[in-house]
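Protein chains in written order, with my numbering: chain A, 8 to 123; chain B, 108 to 222. The beta carbon of each residue, even a glycine, is placed where N, CA and C say it ideally should be. Since we're looking at a predicted model, the values are computed, not measured. Everything below concerns the one structure shown next.
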Amino acid sequence: KNQVEQSPQSLIILEGKNCTLQCNYTVSPFSNLRWYKQDTGRGPVSLTIMTFSENTKSNGRYTATLDADTKQSSLHITASQLSDSASYICVVRAFDRGSTLGRLYFGRGTQLTVWP
Amino acid sequence: DTEVTQTPKHLVMGMTNKKSLKCEQHMGHRAMYWYKQKAKKPPELMFVYSYEKLSINESVPSRFSPECPNSSLLNLHLHALQPEDSALYLCASSQGRDRGNNEQFFGPGTRLTVL
Numbered sequence: 008k009n010q011v012e013q014s015p016q017s018l019i020i021l022e023g024k025n026c027t028l029q030c031n032y033t034v035s036p037f038s039n040l041r042w043y044k045q046d047t048g049r050g051p052v053s054l055t056i057m058t059f060s061e062n063t064k065s066n067g068r069y070t071a072t073l074d075a076d077t078k079q080s081s082l083h084i085t086a087s088q089l090s091d092s093a094s095y096i097c098v099v100r101a102f103d104r105g106s107t108l109g110r111l112y113f114g115r116g117t118q119l120t121v122w123p
Numbered sequence: 108d109t110e111v112t113q114t115p116k117h118l119v120m121g122m123t124n125k126k127s128l129k130c131e132q133h134m135g136h137r138a139m140y141w142y143k144q145k146a147k148k149p150p151e152l153m154f155v156y157s158y159e160k161l162s163i164n165e166s167v168p169s170r171f172s173p174e175c176p177n178s179s180l181l182n183l184h185l186h187a188l189q190p191e192d193s194a195l196y197l198c199a200s201s202q203g204r205d206r207g208n209n210e211q212f213f214g215p216g217t218r219l220t221v222l
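Spelled out as structure tokens, the structure:
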């Protein structure tokens, strides 16, 4: 069964601190993995995309890693800011030969709260 | 323009009302999606349109009726909804070709409340 599991479910950190969010998946065949940031009541916004051959990718203070062998990904946030408070969702895309679109599998997200 | 817009932002309707949600993109994308998201849950796929044709219907009740008038517009017609249909409805679009990183761009959503 194709699944995406995220941990922790929620996380509180102080402004300026670093944190790491985890994502484990069983989606197959794997196409790519994205981390999205979703502010409350808003649509998700893509932070990074990882394909099978990529191990690490950075986007400003966000660094994503991917271990395709163990089917694990992490999102590291450095020097957190108050505006980082949001839900971070791991989304894995399955390759689908029968469709030009593929299928997305969403994790439940990690709710990050940054305190001043 | 790299934006997906949705209207209205908020909608309150009774169970006997008929209303429509609208979504628009001008990125030249040929695939458009409707998702339903309940609080603290991930988005759930409802419908997918590819090149203005309905390609996926995730067994959504008939009280939800999608429409794709052209490649830039996607509507979701609502009729005789139930209170449990209250949720954030997200629209997304993507290029529509399997290019490996066929990113879906999400709109801000419509917050729907059914009384």
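Which of helix, strand or coil DSSP assigns to residue i
i                : result
Gly207 (chain B) : Any reading at Gly207 (chain B) needs caution, since the residue's pLDDT is 49, under 50, leaving its predicted position unreliable; the model's value is listed next. If DSSP states are grouped into helix, strand and coil, Gly207 (chain B) belongs with coil.
Leu188 (chain B) : coil
Leu89 (chain A)  : helix
Ser81 (chain A)  : strand
Met134 (chain B) : coil
Arg115 (chain A) : coil
Ala71 (chain A)  : strand
Phe102 (chain A) : coil
Asn124 (chain B) : coil
Gly143 (chain B) : Just to set this straight, residue 143 (chain B) is Lys in the shown sequence, not Gly. Lys143 (chain B) falls in the strand class under three-state DSSP.
Lys129 (chain B) : strand
Arg170 (chain B) : coil
Gln13 (chain A)  : strand
Ser178 (chain B) : coil
Ser193 (chain B) : coil
Lys116 (chain B) : coil
Tyr158 (chain B) : coil
Lys21 (chain A)  : A small fix is needed here, since residue 21 (chain A) is Leu in this sequence, not Lys. The answer is strand: DSSP assigns Leu21 (chain A) an E or B state.
Glu151 (chain B) : strand
Leu219 (chain B) : strand
Residues of its chain near residue i, where Cβ-Cβ distance is below 7 Å and the 5 sequence neighbours each way are ignored
i                : result
Glu22 (chain A)  : Ser87, Gln88, Leu89, Val121, Trp122 and Pro123
Ser162 (chain B) : Val155 and Tyr156
Val221 (chain B) : Met120, Met122, Leu188, Gln189, Pro190, Asp192 and Ser193
Val167 (chain B) : Met153 and Phe154
Ile84 (chain A)  : Asn25, Cys26, Arg68, Tyr69 and Asp91
Tyr158 (chain B) : Arg137 and Gly203
Phe213 (chain B) : Val111, Leu197 and Ala199
Lys126 (chain B) : Leu118, Met120 and Leu185
Ile19 (chain A)  : Thr120 and Trp122
Phe171 (chain B) : Met153, Leu183 and Leu185
8 Å Cβ cutoff met for residue i and residue j
i                : j                : result
Val98 (chain A)  : Leu111 (chain A) : yes
Met139 (chain B) : Leu181 (chain B) : yes
Ser53 (chain A)  : Glu210 (chain B) : yes
Ser38 (chain A)  : Gly114 (chain A) : no
Arg41 (chain A)  : Thr58 (chain A)  : no
Gln10 (chain A)  : Tyr32 (chain A)  : yes
Pro15 (chain A)  : Ala101 (chain A) : no
Cys198 (chain B) : Val111 (chain B) : yes
Ser94 (chain A)  : Gly116 (chain A) : yes
Leu195 (chain B) : Gln144 (chain B) : yes
Neighbour list for residue i in chain D, Cβ cutoff strictly below 9 Å
i               : result
Ile96 (chain A) : Checking the listed chains, one finds no chain D in this structure; the protein chains it contains are A and B.
Chain-order list of residues whose beta-carbon lies under 6 Å from that of residue i (same chain, five-residue window excluded)
i                : result
Gly207 (chain B) : Residue confidence is low: Gly207 (chain B) scores 49 on pLDDT, short of 50, so the model does not pin down where it sits. Its coordinate-derived value is still stated next. No residues qualify anywhere along the chain.
His117 (chain B) : Arg218
Asn164 (chain B) : Phe154
Glu12 (chain A)  : Asn31
Thr63 (chain A)  : Thr72
Lys8 (chain A)   : none
Checklist entry - Curious, which full-length beta strand (DSSP E) runs of at least 3 residues does the stretch 30-65 of chain A contain? => result Inside the stretch 30-65 of chain A, DSSP marks whole beta strand (DSSP E) runs of 3 or more residues at positions 37-45 and 52-58, from first to last along the chain.
Next on the checklist: Measuring CB atoms only, is the stretch 64-79 of chain A touching the stretch 127-135 of chain B, in the sense that at least three cross pairs come out at less than 8 Å?
Outcome noted: These segments do not touch.
Checklist entry - Are three or more beta carbon pairs between the stretch 48-65 of chain A and the stretch 16-33 of chain A nearer than 8 Å? => result With the cut-off at 8 Å, the stretch 48-65 of chain A and the stretch 16-33 of chain A do not touch.
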